[in-house]
Amino acid sequence: MKKEFVIIGAGLVGSLLSIYLVKRGHNVKIYERRSDMREAKMIAGRSINLALSDRGIKALEQIGIMDEIKEIAIPMHGRSIHNGDGTLAYQAYGDDGQFINSVSRGELNKKLMTLAEDKGVEILFNHTCEKIDWKKNIISFKNETAEIKVHADLIFGSDGAFSAARLNYQLQNDRFQYQQHYIDFGYKELTIPAGENGSFQMEKNALHIWPRGNFMLIALPNIDGSFTCTLFFPYEGDPSFASLKTKEEVMHFFEKTFADTVPLIPTLAEDFFNNPTASLVTVKCFPWVLEDKFALIGDAAHAIVPFFGQGMNCGFEDCLVLNDLIDKHADDWITILQEYQQLRKPDGDAIAELALNNFIEMRDKVGDPSFLLQKKIETAFSKKYPEKWKPAYAQVTFSPQIRYSQALKSSIVQEKIMQQIMALPDIENNWQTEAVEEKMLSLLAVK
Ligand code: FAD
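At the far end of the sequence shown sits residue 457, using the working numbering, and the numbering has no gaps.
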């Protein structure tokens, strides 16, 4: 039966969801707070590019738009580690040619909005959701001149980490669970411009990481030859955003800490102070749905820190799961939404935890010889026993058939086993022996 859907927020997830729904013949409108980004100029320091991986790709493929997205994606086959001593190391994401993709968030969002409109979705810009009347399912939006009231059969809140739809739900419904947690680190974007004739000044097909213990810099390639760098850095302490107060201090710090980036970022000190510092939050809430009238999706339901590169991928997977449930339950939206939140809440919680854990891996461990040995042992074992062991990174990033909650469980088991293996005497020299392999098999058997 044809329904009137209103989606709040034309970000990545809202735009994708609208395509899924309109393709089923429903009437779909998106109300978006911002003006149309296809007509606006990019704001400096807000050029985020994202890692798109298999879960997100599966959702884009399912509705047949991955070919268009490929045009704006750069494959990254591994991590290029920039060590503190100036040496470079390369860690492939997998032996089977696996890769993740660097995509500009803005370009991806624009493309999704255009595809949505081409398929019949109406997007109304400059409309801010202010209030929802849950009894009548009427949403109040404010635009530049007036307040507009809109009725919908079903409302989706895809308005991001600071969702107004979620807040309205929380304020008007008893026993709504809500939890937010800011980490003590913020992030700042910097840009390595393209070299001559749009050339890349570093390896193009890699995610670059400068792990420095308590903090890190990363860089992802853009199709114009530039790299967007993101500094994940403490707010307080030494060094921190608070401790670097002058341009001289910034230059001195970068020369000492990220020396190879200094000649590549000509406007480093200016950009450091001109570009905003943004915070990093995890949001958990429950319930995500109300009867057959309302559902939260994407960051509005589960905002996570970006260290596993999964926020958008997880939101895209929400759309995919919802679509499968529509196939399963047809027009029974009460069942569809109930099952959607039952399936996705544990997975949202799991990826939130995995993402927090991965910060320590990226900023600290990827440069640590003992961690690298551990990864080598895991890779060799998993090659020999693929049905017994798939590394957690591969489960999350390259295995959409494995749920995030399952990946979290097995990552905990694997980590416990590896701690015992790494504690074996002279493991650096013995790791390829049969005894170590037997030990891993026996530890796995008791888990
Ligand atoms: P958003 O993209 O936030 O979109 C929400 C939309 O709602 C916006 O357009 C907003 O204007 C609109 N809106 C807000 N309030 C209202 C209102 N009251 N009324 C109407 N409209 C409203 N994810 C990955 O998968 N891979 C990565 O590599 C990755 N890297 C990241 C790096 C950083 C530094 C950050 C911060 C995030 C990263 N993410 C990554 C996460 C990813 O950006 C988010 O998960 C994704 O953008 C969520 O999409 P969304 O549509 O749910 O929310």
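Where is the CB? At the ideal position from N, CA and C, for every residue including glycine. Nothing here was measured: the structure is a model prediction, and the numbers come from that model.
Asked, Found
"Closer than 8 Å: Ser253 CB and nearest ligand 1 heavy atom", "no"
"Per-residue burial, Pro316 [other beta carbons within 10 Å of its own, 16 or more giving buried]", "buried"
"Exposure label - Tyr30; buried when at least 16 CB within 10 Å", "buried"
"Ligand 1 heavy atom lying under 8 Å from the CB of His262", "no"
"Ligand 1 heavy atom lying under 8 Å from the CB of Arg115", "yes"
"Beta-carbon proximity check, Asp64 vs Pro410, cutoff 9 Å", "yes"
"Inter-residue Cα distance where the pair is Asn183 and Glu78", "41 Å"
"Whole-angstrom distance between Asn440 and Glu8, CA atom to CA atom", "A query on residue 8 cannot be resolved here, the shown segment of the chain reaching from 11 to 457 and no further."
"Contiguous alpha helix (DSSP H) assignments of at least 4 residues, all confined to the segment 263-348", "278-284, 309-312 and 321-339"
"Straight-line gap, Ala61 to Ile67 (C-alpha atoms, nearest Å)", "11 Å"
"Unbroken beta strand (DSSP E) run spanning Thr389, endpoints", "Not the beta strand (DSSP E): Thr389 falls in the alpha helix (DSSP H), residues Pro379 to Lys394."
"Inter-residue Cα distance where the pair is Ile258 and Lys198", "It should be noted that the sequence gives Glu, not Ile, for residue 258. Looking at the two C-alpha atoms, the distance is approximately 18 Å."
"Endpoints, the alpha helix (DSSP H) within which Gln442 is located", "Careful: Gln442 lies outside any alpha helix (DSSP H) and carries neither H nor E."
"Three-state secondary structure assigned by DSSP to Lys257", "helix"
"Unbroken alpha helix (DSSP H) run spanning Gly116, endpoints", "Arg115 to Asp128"
"For Thr155, three-class secondary structure by DSSP", "coil"
"Alpha carbon of Lys255 to alpha carbon of Pro249, nearest angstrom", "11 Å"
"Proximal residues to Ala340 (C-beta, below 8 Å), its chain only, five neighbours per side dropped", "none"
"Where Lys13 falls: helix, strand or coil (DSSP)", "coil"
"Delimiting residues of the alpha helix (DSSP H) encompassing Thr407", "Ala402 to Phe408"
"C-alpha distance - Ile361 paired with Gln405, whole-angstrom precision", "11 Å"
"Sequence-distant residues of the same chain with beta carbon closer than 8 Å to Lys33, five excluded per side", "Ile73 and Lys129"
"Three or more C-beta pairs below 8 Å linking the segment 331-350 and the segment 297-311", "yes"
"Leu451 in three-state terms, based on DSSP", "helix"
"Counted within 10 angstroms of its Cβ, other Cβ atoms place Lys355 as buried (16 or more) or exposed", "buried"
"Pick from Glu425, Lys426 and Val446 that is closest to Pro435, judged by C-alpha positions", "Val446"
"Rounded straight-line distance, which links the Cα of Ala417 to that of Glu388", "15 Å"
"Helix, strand or coil at Glu140 according to DSSP, with G and I counted as helix", "strand"
"Three-way DSSP call (helix, strand, coil) for Ala54 in this model", "At Ala54, the pLDDT of 49 sits below 50, so the modelled position is not reliable; the number obtained from the coordinates is stated separately. Coil."
"Distance between Val16 and Asp143 (C-alpha atoms, nearest Å)", "14 Å"
"Identity of the residue in Ala174, Gly170, Glu132 and Ala126 nearest Ile149 by Cα", "Ala174"
"Residue range of the alpha helix (DSSP H) that includes Gln430", "Tyr414 to Met432"
"Pro244 (DSSP reduced to helix, strand or coil)", "strand"
"CB contact flag (Thr238, Asn111, <9 Å)", "no"
"Check whether Gln192 and Ser289 have beta carbons under 9 Å apart", "The sequence shown places Tyr at residue 192, not Gln. In this structure, Ser289 lies closer than 9 Å to Tyr192 by Cβ."
"Ligand 1 heavy atom lying under 8 Å from the CB of Ser409", "no"
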